[in-house]
Amino acid sequence: MDKQQALQHFYEHHYMPLLEIQMETLEAEFHHGKAQFISNFTASFQKLCSHILRMQQQGEKEPIAYIHYSFLRTQILEQSYLYMVEAYSGKWYEDQADCRLSYDASWVYTHFTTMLEALEQDRKKYMGVLHAADIERLMLKATPFFHQFVSSIIRLAITEAVQLPEYKAIHKAKRLFIRTGEYKDISENMYVEDQEIPNPDEVRERLMQTNEEPYIYENLRNLSLPHLQVVEKDLRYNDFCQSDLRGSQFLSCVLMGSQWQEAHIEGGSFRGSLLSDADFRYSHLQGADFRGASGQAYREQGHRVPGLCGIRFDFANLDEADFTDVHGFEYVSFEGASMYGTRVPRKYQQLWKLSDEQRKSIVWME
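Using our numbering, read the sequence shown as starting at 5 and increasing by one per residue.
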């Protein structure tokens, strides 16, 4: 076979099967060691904030507008698994005051090296048609599949991390973004903080617009937005924590990765919405309608996001809430949640980890 045929055969019969094995192994390790991974990230973040504050106290650093966790593909190939963690002023990459530490992501990328070494052995079966550089190029393309586990840990950790006194003490720009991705390349927001509270009327208008333009990665915390009517809107990764959303309806919306901690959503509706990786911890959801909602995890050719974080209802009030006909709710946590009169399909009776009191309180639906 010629070079292209060999590459295609190698991709289908070696690269993809091994990638799937590595993703399954990593996913199992992710869930097993999640608490420790979160703790390690938080410690890294705490050190960075202390470093920022020292620089600011010495007059060496302006208010922070960006904190960025970056990976470099070429370094990973060289078995360096440290993310570069940098803090920038509003000048971003033009900020000349270097503020840099590192975050150890070897818990993920040792699997990258394991896969690379296995593929290098498989390459030798192709009798000199394929070269080491061909395998390295394939693995470089696989880097985002490994990075998705790091970004998921950041998402799980960041809400508590920004409550650290070291973070609260640093001087921040009017808008601060915590981001992750490839160094000076594609990255995404993990957290957005505004020093000035957005105008609730303007936010309401944007949320209720009927056009198909997404409204994503926004900080919508601590806003009074009761009785919203939002239909078929892409609102992924928005932060509604501590907002007043009583009686609001989010119908057939894309809400994956959205944050709702301590929000008041009594009598609200999420009917038919995509809720993968949404976080409702400590929220007030009495009488909320989740009928037909989906928590479907994405599983295709190495992709595991959304779905790694799961949907979280820990310590939420779900009394009289309705989960009839929900699907894809396999990865959901309810630790400490109040569930008196909550309607739940019987198929989740054994699947969900529930307390004896929760099991007795729930109304199981056929």
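In this text, a Cβ means the ideal position worked out from N, Cα and C, and glycines have one as well.
Check, Outcome
"Nearest candidate by alpha-carbon position, reference Tyr85, set Glu66, His175, Ala109", "Ala109"
"Where the alpha helix (DSSP H) containing Gln354 begins and where it ends", "Careful: Gln354 lies outside any alpha helix (DSSP H) and carries neither H nor E."
"One or two residues paired with Gln233 in a DSSP bridge", "Gln253"
"Alpha carbon of Thr192 to alpha carbon of Ile220, nearest angstrom", "Note on identity: in this sequence residue 192 is Glu, with Thr being the wrong assignment. Using only the alpha carbons, I get a separation of about 11 Å."
"Tyr87 - partner residues in DSSP beta bridges", "Tyr107"
"Coarse secondary structure for His151, derived from DSSP in three states", "helix"
"Alpha-carbon to alpha-carbon, Ala91 and Phe181", "10 Å"
"Distance CB(Phe149)-CB(Gly261) smaller than 7 Å", "no"
"Own chain partners of Arg210 with C-beta closer than 6 Å, once the 5 adjacent residues on each side are dropped", "Tyr219"
"Beta-carbon spacing of Leu279, Ala297 below 7 Å", "yes"
"CB of Met143 within 7 Å of CB of Leu22, strictly", "no"
"Sequence-distant residues of the same chain with beta carbon closer than 8 Å to Ala165, five excluded per side", "Phe45, Thr46, Phe49, Gln50, Tyr171"
"Span of the beta strand (DSSP E), counted from its first residue to its last, around Asn193", "191 to 198"
"Test item: CB-CB of Gly94 and Ala173 under 7 Å", "no"
"C-alpha gap between Ser359 and Ile162, whole angstroms", "27 Å"
"For His13, the three-state DSSP class (helix, strand or coil)", "helix"
"Sequence-distant residues of its chain with Cβ nearer than 6 Å to Phe284 (five each side left out)", "Trp264, Phe317, Ala320"
"Residue closest to His115, alpha-carbon to alpha-carbon, out of Ile157, Gln167, Ile25", "Ile25"
"Beta-carbon gap between Ser378 and Gly276 smaller than 7 Å", "Outside the shown range of the chain, which is 5 to 370, sits residue 378, and nothing can be said about it."
"Segments assigned alpha helix (DSSP H), at least 4 residues, entirely inside the segment 44 to 92", "77 to 81"
"Straight-line Cα distance separating Val348 from Ser365", "11 Å"
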